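Asker: In numbering that gives the first Met the number 0, the protein residues as written are 0 to 110.
Beta carbons are placed, not taken as given, at the ideal position from N, Cα and C, and that holds for glycine.
Keep in mind it's a predicted model, so treat the numbers as computed, not measured.
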Amino acid sequence: MIPETKQTNEEIIPTELIIKKAVEVICGKWRMIIIHLLREKVLRYGEIKRGVPGISEKVLVHELKQLVELGMVEKESFGEVPPRVEYRLTDKGRTILPVVDLLKEIGQAFM
0 MIPETKQTNE
10 EIIPTELIIK
20 KAVEVICGKW
30 RMIIIHLLRE
40 KVLRYGEIKR
50 GVPGISEKVL
60 VHELKQLVEL
70 GMVEKESFGE
80 VPPRVEYRLT
90 DKGRTILPVV
100 DLLKEIGQAF
110 M
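1. How is I12 classed by DSSP in three states: helix, strand or coil?
2. If we count the other Cβ atoms within 10 Å of its Cβ and call it buried at 16 or more, is L37 buried or exposed?
3. Given a threshold of 16 other Cβ atoms within 10 Å of its Cβ, counted over all protein chains shown, does V72 qualify as buried or as exposed?
4. Once the 5 residues before and after M0 are set aside, which same chain residues still bring their CB inside 7 Å of it?
5. Taking C-beta to C-beta, are I34 and G92 nearer than 8 Å?
6. Run through DSSP, which three-state label would E68 get?
7. The beta strand (DSSP E) that contains R83, what's its start and end?
8. Name the one or two DSSP bridge partners that K127 has.
9. Going by C-alpha distance, which of G53, L42 and K48 is nearest R87?
10. For my contact list, E75 and E85 are in at a C-beta cut-off of 8 Å; report their separation, rounded to the angstrom.
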């Protein structure tokens, strides 16, 4: 059962706003696939790109940036030539894994 509200230090957040935020976090055609790819290991940009066939460079860059800003994915850049950047799920990002698993079950049921 979802609680009616969540109380923070100074405000009470209505359930509707909490649900709206959750939808913002999980929406996106590719977002859950990217999270699924990162569930087991750290990946470089090219590995993620190969794991999501059909995604454009622009969209992948945007999705990764959003996931980093949301605190779900950590981006680590290394001062090397050629440049090396690695992505990993954060603890916050791992909280989404049950949703990814549920989406997989739903998808299998409709295949």
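Answerer: Answer, in terms of the structure:
1. strand
2. buried
3. Label assigned to V72: buried.
4. Residue confidence is low: M0 scores 47 on pLDDT, short of 50, so the model does not pin down where it sits. No coordinate-derived value is stated.
5. yes
6. helix
7. R83 to L88
8. There is no way to answer for residue 127, as the model of the chain reaches only from 0 to 110.
9. Distance check between R87 and each of G53, L42 and K48 places L42 closest, using alpha-carbon atoms only.
10. 5 Å
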